[in-house]
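Residue numbers (our numbering), protein chains in the order written: chain A, 590 to 775; chain B, 90 to 633. Below is one structure, written out as structure tokens; comments come after it.
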Amino acid sequence: MTEHYTVPTGKHRHRALVIRLIAFALGSFAFGFALVPLYSVLCKVWDTGNRWYGTQAKHVVERPAVDRWVTIEFLSSVPNAGHWDFRSNLTELKVHPGKLYTATFFAHNLSPVAVVAQAVPSIAPSSVAKYFQKTECFCFKPQYFGIDEGRDMTVRFIVDPDLPADVDRITLSYSFFDRPQVAAAN
Amino acid sequence: MAHAHTHDGVNHLDHSHDDHHHDKPTGIGRWLYATNHKDIGTMYLVFSLIMFFMGGAMAMVIRAELWSPGLQFVDPLFFNSMTTTHALLMIFGAVMPAFVGLANWMIPLQVGAPDMALPRMNNYSFWILPFAFTLLLSSFFTAGGGPAGGWTMYPPLALQAGTSFPLMIFAIHLMGASSIMGAINVIVTIMNMRAPGLTLLKLPIFCWAWLITAYLLIAVMPVLAGAVTMLLTDHYFGTSFFNPAGGGDPVMYQHIFWFFGHPEVYILILPAFGIVSEIIPTFSRKPLFGYEAMIYATASIAFLSFIVWAHHMFTTGMPLAGQMFFMMSTMLIAVPTGVKVFNWTTTMWKGSLTFEPPMLFSLAFLFLFTIGGFSGLMLAIAPADFQYQDTYFVVAHFHYVLVSGAVFAIMASVYYWLPKWTGHMYSMALAKTHFWLSAVFVNVLFFPQHFLGLAGMPRRIPDYNTQFTDWNRVSSLGGFVFGLSQILFVIVIIQCVRGGPKASAKVWDDATPEGLEWTVDSPAPYHSFETPPVITEENTHPSH
Chain A
590 MTEHYTVPTG
600 KHRHRALVIR
610 LIAFALGSFA
620 FGFALVPLYS
630 VLCKVWDTGN
640 RWYGTQAKHV
650 VERPAVDRWV
660 TIEFLSSVPN
670 AGHWDFRSNL
680 TELKVHPGKL
690 YTATFFAHNL
700 SPVAVVAQAV
710 PSIAPSSVAK
720 YFQKTECFCF
730 KPQYFGIDEG
740 RDMTVRFIVD
750 PDLPADVDRI
760 TLSYSFFDRP
770 QVAAAN
Chain B
90 MAHAHTHDGV
100 NHLDHSHDDH
110 HHDKPTGIGR
120 WLYATNHKDI
130 GTMYLVFSLI
140 MFFMGGAMAM
150 VIRAELWSPG
160 LQFVDPLFFN
170 SMTTTHALLM
180 IFGAVMPAFV
190 GLANWMIPLQ
200 VGAPDMALPR
210 MNNYSFWILP
220 FAFTLLLSSF
230 FTAGGGPAGG
240 WTMYPPLALQ
250 AGTSFPLMIF
260 AIHLMGASSI
270 MGAINVIVTI
280 MNMRAPGLTL
290 LKLPIFCWAW
300 LITAYLLIAV
310 MPVLAGAVTM
320 LLTDHYFGTS
330 FFNPAGGGDP
340 VMYQHIFWFF
350 GHPEVYILIL
360 PAFGIVSEII
370 PTFSRKPLFG
380 YEAMIYATAS
390 IAFLSFIVWA
400 HHMFTTGMPL
410 AGQMFFMMST
420 MLIAVPTGVK
430 VFNWTTTMWK
440 GSLTFEPPML
450 FSLAFLFLFT
460 IGGFSGLMLA
470 IAPADFQYQD
480 TYFVVAHFHY
490 VLVSGAVFAI
500 MASVYYWLPK
510 WTGHMYSMAL
520 AKTHFWLSAV
530 FVNVLFFPQH
540 FLGLAGMPRR
550 IPDYNTQFTD
560 WNRVSSLGGF
570 VFGLSQILFV
580 IVIIQCVRGG
590 PKASAKVWDD
600 ATPEGLEWTV
610 DSPAPYHSFE
620 TPPVITEENT
630 HPSH
């Protein structure tokens, strides 16, 4: 009866369960990383246009609704106290849904080195982001800036005429991030 | 403590295969190379007590700073490192190791096993902890000070720290490894080492609670390890898991963190449920009402804990359907939790109650934890949460469930089993004084924080608007008295280790303690159950 507990048989008895539990723990660790692609997929499925489609070019057909006006507001920000002068050339623009417009943002590299930057867009209210479609945007790819270089960058957009009737104002904002790792790769 | 020396009169015919097992080592080696579950349990509990006082000292700094509006004692960065490290110490250093210490001491005694299943790993999982916390606390002496971005380590803020950042990450890796090893040990002990005839449905409820907790630990601690590893590679190796410039998303960190974080809060409370489920029947002199319902309720809570995480982040923006789902699933947890609360209450119904210190702490647990549960329900309401998010209301909520919940249950368990560990009764008068001071002043400390939060005082800020002064003073006062009264706890323990009236094997002779741990002498012999006990109706839980 006491052999029930002796170490050699005990170890034997425990091994299978211990291996299963260690495998479980390793599986949990892997699952933590699996949440990364899972998150991307779920964001695409439930996306209102902000996270995924906001960074992809759209093919659109112009069909202006000339009897309707929507105000587009432009915001700019520089996170992490980056060395940039980054601003919109317009504070706001009145547009017709279904008509293509162009807006420009100005960026000036104030740091003493060449920098690669990435603009990350955001639309507010986020629920109407899918109606704000870009055909061309400086946010679609990293932007290279030499020392003291400043230039205007273009975004071309169209507001989908299916925009809910109660929305008369949309805010487009860009955060201008440094991307040192891209600079290093080039 | 626990200088057990009486042998329990087992025959030693079978000891040739395992000689270290039967001797009692002496000197520092006894602790460094400890494989005895009682020694390791003691080390865990002492370590936890030290961490409780260090974390408590940090809380005193926080409450002193919040005595008045404006800045008086510490600069804001140090204040933030106090809130951050207070949380890390209390969660990973005080509450979790206390539960693992209790598991070490009590699970082998409750299942009739001679030791934990994996004694060597048990030694590693304890000795990792002092190194982990030395690593964490050493960051206070590096450039930039201790970690100050909150214990949740949200990027990008957490990445803007100095040397404390990698030190904190590695400390968390070590704490996680320790918890996972401890959890594996608990599961293997309960599954493989039960005395013959002790079926799963005769298992003491504390073992059941710990078994479920151990599975939660193995499921989520590695996810936390993954999340902090991603932070590390984002900071040092140019990955962009959470960096928007590279296509990552800081909100994703919050999802991964709370996928760990919400089960973690049940890791901090399920063993407490197990403890009060042992104590309330004893001092009600009735079997636990609804033993199996308690097990199913615990398992349901554990399952639900995996599908509610985003209620911590309603304000980060998510589809309406998502908010609805996380709101409803969170509220669903009130059902199994309500089953438990009503079962405890029904256990006491028409019982013949006495109010020894473990029972007092369990009753305070029952009452105050339920208040914390109710404020949790308020926080679960997505539209209301927009007002409560990141205010002192949240602080009040989780301190009710963690201090007057988890910590009170740990104190109840120490007062319950301490005579079994030391062989001495402790001073009931001193212990009851400790209880009343704690129970009154924990409310003075945390109840006003509900008002502060509803009025809009943000958490984790060293300064506040003058309108919040009065309730902050009350809260600080409660904090100082609550903190000081914990010294009584240490005095009671030290006195009890040194001597006192002899405790009987049953300890609570005029009550009805159930389970195998009461069949061994007090103090529990250094080696117990070397021959498996015979399971009878009397020495197991007689609810079936």
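Even for Gly, the Cβ is constructed at its ideal location relative to N, Cα and C.
Identity of the residues DSSP links to residue i by a beta bridge
i	result
A:K683	A:T660
A:V709	A:S764
A:E725	A:R745
B:F348	None; B:F348 has no bridge partner.
A:F694	A:S677, A:M742
B:I591	Looking at the sequence itself, residue 591 of chain B is Lys, so the reference to Ile does not match. Note: B:K591 sits in a beta bridge opposite B:H513.
A:V704	A:F734
A:R758	A:T660
B:T480	B:P547
A:L689	A:I747
A:S666	A:S764
Cβ distance (whole Å) where residue i is taken to contact residue j below 8 angstroms
i	j	result
A:A706	A:Q732	5 angstroms
B:S466	B:D474	What sits at residue 466 of chain B in the sequence shown is Leu, not Ser. Their Cβ separation, rounded to whole angstroms, is 11 angstroms, which puts B:L466 and B:D474 out of contact at 8 angstroms.
B:G201	B:W299	Actually they are not in contact, since the Cβ atoms of B:G201 and B:W299 sit about 16 angstroms apart, beyond 8 angstroms.
B:A206	A:H603	5 angstroms
B:Y213	B:M270	6 angstroms
B:L198	B:E619	Not really, about 13 angstroms apart at Cβ, beyond 8 angstroms.
B:T426	B:G462	6 angstroms
B:G669	B:H523	Nothing can be reported for residue 669 of chain B, as the shown portion of chain B is limited to 90 through 633.
B:L225	B:A176	That belief does not hold up - the Cβ atoms of B:L225 and B:A176 are roughly 12 angstroms apart, past 8 angstroms.
B:F230	B:P186	B:F230 to B:P186, Cβ: 23 angstroms. No contact.
B:S464	B:H539	7 angstroms
B:A42	B:F349	Look at the range of chain B in this structure, 90 to 633, and you will see that residue 42 of chain B is not part of it.
B:G233	B:L178	Contact flag wrong, Cβ pair sits at about 19 angstroms.
A:G735	A:A696	No, A:G735 and A:A696 are not in contact; Cβ-Cβ is about 12 angstroms, not under 8 angstroms.
Residues near residue i by beta carbon distance below 8 angstroms, same chain, minus five either side
i	result
B:D323	P244, L248, S329, F330, F331, N332, G337
B:N169	A237, G238, G239, R549, P551
A:T595	For A:T595, the predicted structure reports a pLDDT of 42, less than 50, and the residue's modelled location is therefore unreliable. The matter cannot be settled from this model.
B:S227	L256
B:L155	P551, Y553, N561, S564, S565
Contacts of residue i in chain E (Cβ-Cβ under 7 angstroms)
i	result
A:H603	Absent from the structure is chain E; the protein chains it does hold are A and B.
Check: residue i C-beta below 6 angstroms from any heavy atom of the ligand HEM
i	result
B:F331	Ligands in the displayed structure: none, and consequently the ligand HEM is not present.
Close beta carbons around residue i, own chain, < 7 angstroms, minus the five adjacent residues each side
i	result
B:F571	S527, F530, V531, L534
B:L452	none
B:I301	L359, T387, A388, A391
B:S611	P508, K509, G512, A592, S593, A594, V596
A:L606	none
B:Q412	F403, A471
A:M590	The pLDDT assigned to A:M590 is 41, lower than 50, so where the model puts this residue is not dependable; a value taken from the coordinates is nonetheless given after this. There are no such residues.
B:H92	Residue placement at B:H92 is poorly supported in this model, since its pLDDT is 42, which falls under 50; the coordinates still yield a value, given next. None.
B:F395	P352
A:D751	Y720
Same chain only: Cβ atoms within 6 angstroms of residue i, ignoring 5 sequence neighbours per side
i	result
B:I129	A123, N193, N211, F215
B:L246	G238
B:H633	Residue confidence is low: B:H633 scores 42 on pLDDT, short of 50, so the model does not pin down where it sits. Its coordinate-derived value is still stated next. Counting only Cβ-Cβ distances below 6 angstroms, and skipping sequence neighbours, we find nothing.
B:M264	F181, A221
B:V579	none
B:I384	W297
B:I369	W433, T436, S451
B:T173	P236, A237, G239, W240
For the region 413-449 of chain B, which segments carrying the alpha helix (DSSP H) assignment without a break, of at least 4 residues, lie completely within its bounds, in sequence order?
-> The region 413-449 of chain B contains, as complete alpha helix (DSSP H) runs of 4+ residues, the segments 423-437 (chain order).
Closer than 7 angstroms, Cβ to any Cβ of chain B: which residues of the region 699-710 of chain A, in chain order?
-> Q707, V709
Near-chain A residues of the region 269-284 of chain B - C-beta to any C-beta below 7 angstroms = I269, I273, I276, V277, M280, N281
Could you please tell me which residues of the region 323-337 of chain B, in chain order, have their CB closer than 7 angstroms to any CB of chain A?
-> G327, F330, P333, A334, G335
Check each residue of the region 748-768 of chain A: if its Cβ is closer than 8 angstroms to any Cβ of chain B, include it; give the result in chain order.
-> S764, F766, D767, R768
Mind listing which residues of the region 605-616 of chain A have their C-beta closer than 9 angstroms to chain B's C-betas, in chain order?
-> L606, V607, L610, I611, F613, A614, L615, G616
Relative to chain A, which residues along the region 361-373 of chain B have a C-beta separation below 8 angstroms, given in chain order?
-> Per Cβ criterion, the list is empty.
Give the residues from the region 621-636 of chain A that approach chain B closer than 7 angstroms (Cβ to any Cβ), ordered along the chain.
-> G621, F622, L624, V625, Y628, W635
At what residue ranges does the region 547-599 of chain B contain a whole run of the alpha helix (DSSP H), taking only runs of 4 or more?
-> 558-587
Whole beta strand (DSSP E) elements within the region 298-356 of chain B, 3-residue minimum | none
In chain order, what residues of the region 649-680 of chain A put their CB closer than 9 angstroms to some CB of chain B?
-> P668, N669
Chain B contacts made by the region 715-727 of chain A, where a contact means CB separation under 7 angstroms | S715
Chain A contacts from the region 344-363 of chain B (Cβ-Cβ distance under 9 angstroms) | Residues of the region 344-363 of chain B that bring their beta carbon within less than 9 angstroms of a beta carbon in chain A comprise H344, I345, F348, F349, in sequence order.
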